[in-house]
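> The structure's right below; bear with me while I get my questions together.
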């Protein structure tokens, strides 16, 4: 079964600074990878996804993520953080060919932004 | 993408009563919906897979008699928490899959059982 690790529970950055949120996965093959963002009291919004092809994927709100097979990682980046980016971020993994569209979520990283 | 709504957004009920939460897919016919539970400051825990016209598939450890799921149409799935107790207080979120593996989530329902 697949698993997801988000090593950082809470990250604080200054507005305008760059951001990298870490995500490591465990799966026997190349998984489908996702990043979701959750604002307080809200559902999850899909930021970006990786299925195959170019390992650097662009998402909404200026986010990007890079799939590194050798490191089993799918880290999320943003060059300049805005105060509105403060939220909880979840990395998720899907198992192609498993016969189910279920996703396994990491425990999340809370992002705080200092004005 | 897909637009998903949930109703109610917040509900408070007394211990022992039942609560029904609706999940609607507004622009997509969803044969499958997922129901999640999220405790404060924690990740999403998949409770069950709701299948239109058939019985839901529950994850291990989820009581199917307590969390009744009905997926009567391609746009509506309901989760009924029966005989609710304070430990059932949580944030319940549903999702649909318009594209393989790509889930779109509802805004969630916060249940508080007093």
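Residue numbers (this note's numbering), protein chains in the order written: chain A, 879 to 993; chain B, -6 to 107. For each residue, glycine too, the CB sits at the ideal point set by N, CA and C. Just so it is clear, the structure is predicted and the values come from calculations on it, not from any experiment.
1) For residue 985 of chain A, name the three-state secondary structure that DSSP assigns.
2) With 7 Å as the C-beta to C-beta threshold (strictly closer), list the residues of the stretch 58 to 92 of chain B near chain A in chain order.
3) Identify each residue in the stretch 925 to 937 of chain A for which the Cβ-Cβ distance to at least one residue of chain B is less than 7 Å, and report them in chain order.
4) Check whether the Cβ atoms of residue 959 of chain A and residue 903 of chain A sit closer than 8 Å, and answer yes or no.
5) With distance defined between alpha-carbon atoms, name the residue in A:881, A:993, A:910 nearest to residue 38 of chain B.
6) Taking only beta-carbon positions, decide if residue 19 of chain B is within less than 8 Å of chain A.
7) With 16 other CB atoms within 10 Å as the buried threshold, where does residue 887 of chain A fall?
8) Need the endpoints of the beta strand (DSSP E) that residue 1021 of chain A sits in, please.
9) Have a look at B:32, B:9, B:-4, B:4 and flag the residue whose alpha-carbon is nearest the alpha-carbon of residue 75 of chain B.
10) Determine which residues of the stretch 969 to 980 of chain A have a Cβ less than 7 Å from any Cβ of chain E, and write them out in chain order.
11) Under 8 Å between the Cβ atoms of residue 911 of chain A and residue 956 of chain A?
12) Looking only at C-alpha atoms, which of A:914, A:966, A:890 sits nearest to residue 943 of chain A?
13) Less than 8 Å between the C-beta atoms of residue -1 of chain B and residue 79 of chain B, yes or no?
14) Rounded to the nearest angstrom, what separates residue 980 of chain A and residue 909 of chain A at their Cα positions?
15) Considering Cα atoms alone, identify which of B:19, B:12, B:3 is closest to residue -5 of chain B.
16) Identify whether residue 962 of chain A lies in helix, strand or coil by the three-state DSSP scheme.
17) What is the DSSP secondary structure of residue 80 of chain B, counted as helix, strand or coil?
18) For residue 65 of chain B, tell me which candidate among B:55, B:41, B:34, B:15 has the shortest Cα-Cα distance.
19) Looking at the strands, I want to know which residues DSSP matches up with residue 972 of chain A.
20) How many angstroms separate the CA atom of residue 940 of chain A from the CA atom of residue 928 of chain A?
21) Check for me: the beta strand (DSSP E) holding residue 43 of chain B runs from which residue to which?
22) Residue 21 of chain B to residue 938 of chain A, Cα distance in whole Å?
Taking the coordinates as given:
1) In the first chain, the residue the question calls residue 985 of chain A occupies position 107. In the displayed model, residue 985 of chain A falls within coil according to three-state DSSP, outside both helix and strand.
2) Interface annotation for the stretch 58 to 92 of chain B against chain A: 86, 90, criterion Cβ-Cβ distance under 7 Å.
3) Within the stretch 925 to 937 of chain A, the qualifying residues are 927.
4) To locate residue 959 of chain A, count along the first chain from 1; it is residue 81. To locate residue 903 of chain A, count along the first chain from 1; it is residue 25. Not a contact, by the Cβ cut-off of 8 Å.
5) For the purposes of this step, residue 38 of chain B is identified with residue 45 of the second chain, where counting begins at 1. Ranking the options by Cα distance to residue 38 of chain B, first place goes to A:881.
6) Position 26 of the second chain, counting from 1, holds the residue named residue 19 of chain B. Chain A contact via Cβ: absent.
7) In the first chain, the residue the question calls residue 887 of chain A occupies position 9. Residue environment: residue 887 of chain A is assigned as exposed (fewer than 16 neighbouring CB atoms within 10 Å of its CB, all protein chains considered).
8) Examination of residue 1021 of chain A is not possible in this model, given that chain A is present from 879 through 993 alone.
9) Position 82 of the second chain, counted from the first residue, corresponds to residue 75 of chain B. Nearest Cα to residue 75 of chain B within the set B:32, B:9, B:-4, B:4: B:9.
10) Among the protein chains of the structure shown, namely A and B, there is no chain E.
11) Against the first chain, residue 911 of chain A aligns to sequence position 33. Against the first chain, residue 956 of chain A aligns to sequence position 78. No, these two residues do not count as a Cβ contact at 8 Å.
12) Along the first chain, read from residue 1 onward, the residue named residue 943 of chain A stands at position 65. Nearest neighbour of residue 943 of chain A by Cα position, chosen from A:914, A:966, A:890, turns out to be A:914.
13) The residue labelled residue -1 of chain B in the question sits at position 6 within the second chain. The residue labelled residue 79 of chain B in the question sits at position 86 within the second chain. Against a cut-off of 8 Å, the Cβ pair of residue 79 of chain B and residue -1 of chain B comes out as no contact.
14) The residue you call residue 980 of chain A lines up with position 102 of the first chain. The residue you call residue 909 of chain A lines up with position 31 of the first chain. Looking at the backbone, the Cα of residue 980 of chain A and that of residue 909 of chain A are separated by about 12 Å.
15) Taking the first residue of the second chain as 1, we reach residue -5 of chain B at position 2. Nearest Cα to residue -5 of chain B within the set B:19, B:12, B:3: B:19.
16) To locate residue 962 of chain A, count along the first chain from 1; it is residue 84. Residue 962 of chain A: helix per DSSP, three-state reduction.
17) On the second chain, position 87 is the one that residue 80 of chain B refers to. In the three-state reduction of the DSSP assignment, residue 80 of chain B falls in the helix class, which pools H, G and I.
18) For the purposes of this step, residue 65 of chain B is taken as the residue at position 72 of the second chain. With distances taken between Cα atoms, residue 65 of chain B lies closest to B:15.
19) As a position in the first chain, residue 972 of chain A is number 94, starting the count at 1. DSSP lists A:910, A:981 as the bridge partner or partners of residue 972 of chain A.
20) Counted from its first residue, the first chain places residue 940 of chain A at position 62. Counted from its first residue, the first chain places residue 928 of chain A at position 50. C-alpha separation (whole angstroms): 16 Å.
21) Within the second chain, residue 43 of chain B is the residue found at index 50, counting from 1. 37 to 44 is the extent of the beta strand (DSSP E) around residue 43 of chain B.
22) In the second chain, residue 21 of chain B corresponds to position 28, counting from 1. In the first chain, residue 938 of chain A corresponds to position 60, counting from 1. Their Cα atoms are separated by approximately 22 Å.
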